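Please read the structure below before turning to the comments.
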Amino acid sequence: MGVLNGKVAVVTGAGRGIGRGEAHLMAAEGASVVVNDVGGEWDGQGQDTRPAQQVVDELEAAGAKAAANYDDISTWSGAESLVRQAIETFGGLDIVVNNAGILRDAMIFNMTEENWDAVVKVHMKGHASVTHHACAYWRGKAKAGETTSGRIINTSSEAGLYGLKGQGNYAAAKAGIASLTQVTAREMKKYNVTANCIAPRARTRLITNTFGDTVMAAPEQGFDVFAPENVAPLVTYLASDASAHISGQVFVVMGGLVQLMKPWEAGPSIDNEATWDVETLAGQIDKLFDGAKSSPE
Ligand SMILES: NC(=O)c1ccc[n+]([C@@H]2O[C@H](COP(=O)([O-])OP(=O)(O)OC[C@H]3O[C@@H](n4cnc5c(N)ncnc54)[C@H](O)[C@@H]3O)[C@@H](O)[C@H]2O)c1
């Protein structure tokens, strides 16, 4: 018995890398999987049906039920078509893994409008669009008196959670995805839908194209910490019924590590109990840091 027996999952960007590993493990655990991938280059240019189709062929060869989808999930209509395909092909939808992504790195002073828009569109709007259509489906079922449950697993990045330099478009979108996860978890709680988020680290073309082949290289022997497949067990668990009590959380995941991220939380404060004058504020503001760093490295 797999932990996802009878479930229907969509995984965006599952033609390669981390998403491919997630599709494989979820299928091995019994899910029927719609493998979405537009099949573009790492920077989002072009399209190709072969990556998604190849993963479907692999899943079917292993005895799983799978279907390919080539829609661009960064549009509301592409996401709608993906969700509809899952429902029409496999009779429903239980799990959404938002994973598709691209990179176009630049310092903010070199960032073009086109590269800002392209990255924010695929990551942030791409997450929102599939989440929107899936949640509308689950809410519609609840309104019709049917029992509902759903699982959403989003994909953030430590670049967004820590604010890495050189990736302003990507980091802003990924931080937004962590926030969208918390909002979705709150909005969908009454429909038994959970939303969680991972920030993975794995050797994929996004990494090798950015940092070269030697960073995160596979060891000649021993545990391959950065193998993309290592991300899939946490995602599969978060997709299962057993994770119903966990929602709105962000986890860093790589190798055998699963690390819970603390959300933004209120820190020290000062209160003048009246409008500050700037000079008084300047004299008091360092109390907020109490010896801690007041600017990044
Ligand atoms: N690899 C890492 O270390 C790392 C770290 C942090 C976050 N991530 C995130 O993990 C996710 C997966 O990335 P990966 O490393 O496996 O990269 P990858 O390039 O191997 O896979 C991403 C897939 O998404 C697909 N895709 C891109 N735009 C799409 C669109 N509009 N519609 C449908 N499919 C689309 C691509 O064709 C590609 O197959 C991304 O969201 C990425 O930002 C990866």
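Each residue of the sequence shown is one higher than the one before, starting from 1 at the first, in our numbering. Think of the CB as a built atom: it goes at the ideal place given N, C-alpha and C, for glycine as much as any other residue. Please read all numbers here as calculations on a predicted model, not as lab measurements.
If you look at V34, you'll find it in the beta strand (DSSP E) that goes S32 to N36.
According to DSSP, residue pairing for C197 in a beta bridge involves N154 and V250.
A distance below 8 angstroms separates the beta carbons of L103 and D43.
Not one heavy atom of ligand 1 lies closer than 7 angstroms to the C-beta of D213. The continuous stretches of beta strand (DSSP E) do not include L103, and DSSP gives it neither H nor E. CA-CA distance, A142 to A134, rounds to 13 angstroms.
If you check the CB distance, A178 and M188 do not come in under 8 angstroms. Within its own chain, the residues whose Cβ lies closer than 7 angstroms to the Cβ of G168, once the five positions on either side in sequence are excluded, are I108 and M111, listed in chain order. For G256, the closest alpha carbon among the candidates Q249, D224, A128 and R205 is that of D224.
Remark: the C-beta of T155 is in contact range of ligand 1, defined as less than 7 angstroms to any heavy atom. Under a 10 Å Cβ-count criterion, V56 is classified as buried, with 16 or more other Cβ atoms of the shown protein chains found around its own Cβ. The DSSP assignment places complete alpha helix (DSSP H) segments of no fewer than 4 residues inside the region 114-181 at 126-143 and 158-162, in order along the chain.
Short of 6 angstroms from the beta carbon of A67, and not among the five residues preceding or following it, lie these beta carbons of its own chain, in chain order: V34 and T89.
Membership of Q85 in the alpha helix (DSSP H) is indicated by the continuous run W76 to F90. Pairwise C-beta distances place the region 64-84 out of contact with the region 143-162, as fewer than three of them are shorter than 8 angstroms. Assignment of beta-bridge partners to A68 by DSSP yields V35.
Just so you know, the alpha carbons of R203 and G92 end up roughly 33 angstroms apart. Ligand 1 approaches W42 closely enough that one of its heavy atoms is under 7 angstroms from the residue's Cβ. DSSP places V11 in no alpha helix (DSSP H) but in the uninterrupted beta strand (DSSP E) bounded by V8 to V11.
Beyond the five residues adjoining it in sequence on each side, E80 comes within less than 7 angstroms, by CB distance, of H133 in the same chain, given in chain order. A residue is called buried when at least 16 other Cβ atoms come within 10 angstroms of its Cβ; V130 meets this threshold and is buried. Taking 7 angstroms as the cut-off, one finds no heavy atom of ligand 1 near enough to the beta carbon of H132.
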